[in-house]
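Visitor: Protein sequence lines, in the order shown, are assigned to chains A and B.
First residue of the first sequence? That's 0 in numbering that gives the first Met the number 0, and the numbers climb one at a time after it.
First residue of the second sequence? That's 0 in numbering that gives the first Met the number 0, and the numbers climb one at a time after it.
Take a look at the following structure, please.
Protein chains: 2
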Amino acid sequence: MDIVIPLFDRFEPLDAIGPYEMLGYLPGATVRFVTEQPGLVQDVLGSLPVHVATRYSDVERCDVLLIPGGGSFLAMVDDADFVAWVRRMHATTRFTTSVCTGSLVLGAAGLLDGLPATTHWDAVADLEAYGAVYSTERVVRHDRVITSAGVSSGIDMALQLSALLTDELTAQAIQLYTEYDPEPPFTTGSVAKAPAEVVARARTLG
Amino acid sequence: MDIVIPLFDRFEPLDAIGPYEMLGYLPGATVRFVTEQPGLVQDVLGSLPVHVATRYSDVERCDVLLIPGGGSFLAMVDDADFVAWVRRMHATTRFTTSVCTGSLVLGAAGLLDGLPATTHWDAVADLEAYGAVYSTERVVRHDRVITSAGVSSGIDMALQLSALLTDELTAQAIQLYTEYDPEPPFTTGSVAKAPAEVVARARTLG
C-alpha cells in the first residue's frame, strides 16, 4: 500500500505529520513524502527542514494521496504541472485526501466541484470558489475523496482512513498506540465554539 | 523565549511535531531542534529525515526543554553525556518537559525521583524504575517539570504549557488556529478504555 504525501516549502508541520504518524503504523503500508525538487523542504514555522528524496513527477500511481496545507498551498495551486499531476494521481488512487488548505489543491484540480468538502475555518471562501459545497463536519468523505478541517483534524481523518484501508481493529490499535485520547485544555478549537476575541487573535497567528 | 527539542535517530514523529506545531506559534518564541551530530536525523517510521543543524552540547541554557520519546529514548538514556546535559539544562529552564517515553530521559537525569509523572502506557514500569510515581493523568505537572502520556498527548501538554508561558488567550488562539477540536473515531485511545484485543494488537505495532 503506497501512501504519498507531497511536501512543498512552507508546509504546515502537523497537517503532514499527524496523518503520517497514524498511517505509518498501517501493516504493509509505505508512506512517502514527495516534492518538486528533491532536497530539504522547509515548513511554515521555519525550524523543520525535511529531506525529501522523491520528485513527485517520478510517481505515477499510489493507493492514497494526502495533500497537507499551510503556506505551501499557494505554490501548489499555482503550479499547473503539480495540479495536473494531482488529477492524474487521483485516477489511480483508492483515496484522495487532504488536510486543512490542502483541499484547495484538490479544488484546483477540479476534484471538488459540486461536492461536499472542508478546509481550514479561515479558508472557506477559497474552497467555495472551486465549486465545493462547504461542510462543517471535521472529516468529509464523498466516495473516494476525503477532506478534513484545519491542521489537527488530519489525525482524525487518518484514523478513519486507516479503518477504511484495513479494518477497525487495526485503526483502534493505532489510536491506542499513539494514545489518542485527547483532552484539549480549552473549548476554543472550532470557530463555532470560540469567542470573537479568540477568533480575532487566531487570525493574527498565521 | 528559547524552546529546545532534542531529536535523536528513531524519534517518534508526533511526539516532537505535535508540540512543535503549538509552541511554534507562541509570539516571541523560537523552537529549535538539537541533536548529537548535526545532520539528518531519522524518525522511527523511517520516512522523515529531519535536518538538525545544532549540536545539543552547544546549547547552554533554554527556557523550555522538551524531550520527545520513541525509539530514540534508548540511545538518550544510555548516553551519559546527554543525560548530564539534560540535568544541566534543567537548572536553567522555566519548564522541563517530556512527551511519551521522553520522560524516561528525565528519569535517568534524576529529575523524577519521588515525583508524580507519566509516560506511554506501555512504559510505566520503566518510569517507575526511576523512582517516579506513575500518574494516570494525561498531563502531569509538578512545579517546573511536566510529563505527558503517549505520543499525541504532547499536543495537550503543549497547549497547557503555552498558557503557562504566555496567557490563556494566546493558548486558546493557537488551539483555534490549529483547529484542535478533536473527534477521535474510536474510544480506544487509552488502556483504561480499550478492549484487551486492541491492547494486544497495539503492542504488536511498536
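Each residue gets a CB set at the ideal place from its N, CA and C atoms; glycine is no exception.
Since we're looking at a predicted model, the values are computed, not measured.
According to DSSP, is G17(A) part of a helix, a strand, or is it coil?
Guide: Looking at G17(A) - three-state DSSP - the assignment turns out to be helix.
Visitor: Return helix, strand or coil for L163(B), following the three-state DSSP convention.
Guide: In the structure shown, L163(B) sits in a helix (DSSP, three-state: H, G or I).
Visitor: Identify every residue that forms a DSSP beta bridge with L65(A).
Guide: Answer is T96(A).
Visitor: What does A116(A) pair with, by DSSP beta-bridge criteria?
Guide: Paired residue(s): Y133(A).
Visitor: Determine the burial state of L105(B): buried for a count of at least 16 other Cβ atoms within 10 Å of its Cβ, exposed for fewer.
Guide: L105(B) is buried by the Cβ-count criterion.
Visitor: Can you check whether the CB of T95(B) is closer than 8 Å to the CB of L110(B)?
Guide: In contact: L110(B) and T95(B) (Cβ atoms closer than 8 Å).
Visitor: Which two residues bound the contiguous alpha helix (DSSP H) that contains R140(B)?
Guide: Premise fails: R140(B) lies in the beta strand (DSSP E), V138 to H141, not in any alpha helix (DSSP H).
Visitor: Should the segment 189-204 of chain B be regarded as contacting the segment 4-19 of chain B, the criterion being three or more beta carbon pairs within less than 8 Å?
Guide: These segments do not touch.
Visitor: Hey, is F32(A)'s beta-carbon within less than 8 Å of any beta-carbon in chain B?
Guide: Chain B contact via Cβ: present.
Visitor: Taking S152(B) as the query, report the chain A residues whose CB atoms sit under 7 Å from its CB, ordered along the chain.
Guide: Within 7 Å Cβ-Cβ: E178.
Visitor: Please name the residue in Y176(B), R93(B) and V123(B) whose C-alpha comes closest to that of G101(B).
Guide: Measuring from the Cα of G101(B), the nearest candidate turns out to be V123(B).
Visitor: Beta-carbon of D1(A) versus every beta-carbon of chain B: anything under 8 Å?
Guide: By this cut-off, D1(A) is not an interface position.
Visitor: By DSSP, does R54(A) sit in helix, in strand, or in coil?
Guide: R54(A): strand per DSSP, three-state reduction.
Visitor: Hey, how far is the Cα of T29(B) from the Cα of R143(B)?
Guide: Taking the straight line from one Cα to the other gives about 19 Å.
Visitor: Is there a Cβ of chain A sitting closer than 8 Å to that of E127(B), yes or no?
Guide: Not one chain A Cβ lies under 8 Å of E127(B).
Visitor: For R54(A) versus V33(A), is the C-beta distance shorter than 8 Å?
Guide: Yes; because the gap between Cβ atoms is below 8 Å, this pair is in contact.
Visitor: Please report the straight-line C-alpha distance between L73(A) and D112(B), rounded to a whole angstrom.
Guide: Roughly 50 Å separates the two Cα atoms.
Visitor: Let me check understanding here. Comparing Cα to Cα, which of G68(A), L126(A), D125(A) and M156(A) lies closest to V138(A)?
Guide: It is M156(A).
Visitor: In the DSSP assignment, the beta strand (DSSP E) including L39(A) goes from what residue to what residue?
Guide: Here the beta strand (DSSP E) through L39(A) covers G38 to V40.
Visitor: Would a C-beta distance cut-off of 8 Å place L103(A) and T118(A) closer than the cut-off?
Guide: For L103(A) and T118(A), yes; Cβs fall inside 8 Å.
Visitor: Which residues of chain A have a Cβ atom closer than 8 Å to the Cβ of T187(B), listed in chain order?
Guide: Within chain A, the residues near T187(B) are Q171, A172, Q174 and L175.
Visitor: Using only the alpha-carbon positions, how far apart do V40(A) and A52(A) sit?
Guide: When rounded, the distance between both Cα atoms is 10 Å.
Visitor: If you compare alpha carbons, which of V43(A), I66(A) and Q36(A) is closest to S152(A)?
Guide: The candidate whose alpha carbon is nearest that of S152(A) is I66(A).
Visitor: Using only alpha-carbon positions, find the residue among H50(A), D62(A) and G45(A) that is nearest to R9(A).
Guide: Checked all of H50(A), D62(A) and G45(A); the closest Cα to R9(A) is G45(A).
Visitor: Output needed for A108(A): all residues of its chain with C-beta closer than 6 Å, excluding positions within five of it in sequence on either side, in chain order.
Guide: Once the five neighbours on either side are set aside, the close Cβ partners of A108(A) are V82, V85 and R86.
Visitor: Among residues of its own chain, excluding the 5 on either side of I145(B), which ones have a beta-carbon nearer than 8 Å to its beta-carbon?
Guide: Excluding residues within five positions, the ones whose Cβ falls inside 8 Å are F94, T95, T96, S97, V138, V139, M156, Q159 and L160.
Visitor: Between the Cα of A172(B) and the Cα atoms of T165(A), Y179(A) and T187(A), which residue gives the shortest distance?
Guide: Closest by alpha carbon: T187(A).
Visitor: Just list the residues that DSSP pairs T34(A) with in beta bridges.
Guide: DSSP, once it has assigned bridges, lists R54(A) as partnering T34(A).
Visitor: Compare the beta carbon distance of Q21(B) and D62(B) with 8 Å and say whether it is the shorter of the two.
Guide: Gln is not the amino acid found at residue 21(B); the sequence shown has Met there. No.
Visitor: Going by alpha carbons, who is nearest to C99(A) out of Y176(A), G69(A), F7(A) and R31(A)?
Guide: If we check each option's Cα against that of C99(A), G69(A) comes out closest.
Visitor: Of all the CB atoms in chain B, is at least one closer than 8 Å to the CB of A83(A)?
Guide: Output row for A83(A): interface = no.
Visitor: Just checking: is the beta-carbon of D155(A) within a distance shorter than 8 Å of some beta-carbon in chain B?
Guide: Interface residue, yes.
Visitor: Among residues of its own chain, excluding the 5 on either side of T135(A), which ones have a beta-carbon nearer than 8 Å to its beta-carbon?
Guide: Within the same chain, T135(A) has close Cβ partners T117 and A191.
Visitor: Tell me whether Q36(B) is buried or exposed, calling it buried when 16 or more other Cβ atoms sit within 10 Å of its Cβ.
Guide: Result: exposed.
Visitor: Run through chain B and tell me which residues come within less than 8 Å of E196(A), C-beta to C-beta.
Guide: Ordered by position in chain B, the residues that pass the 8 Å Cβ test against E196(A) are L168.
Visitor: Where P115(B) and H89(B) are concerned, what is the direct C-alpha to C-alpha distance, given to the nearest angstrom?
Guide: Taking the straight line joining both Cα atoms gives about 17 Å.
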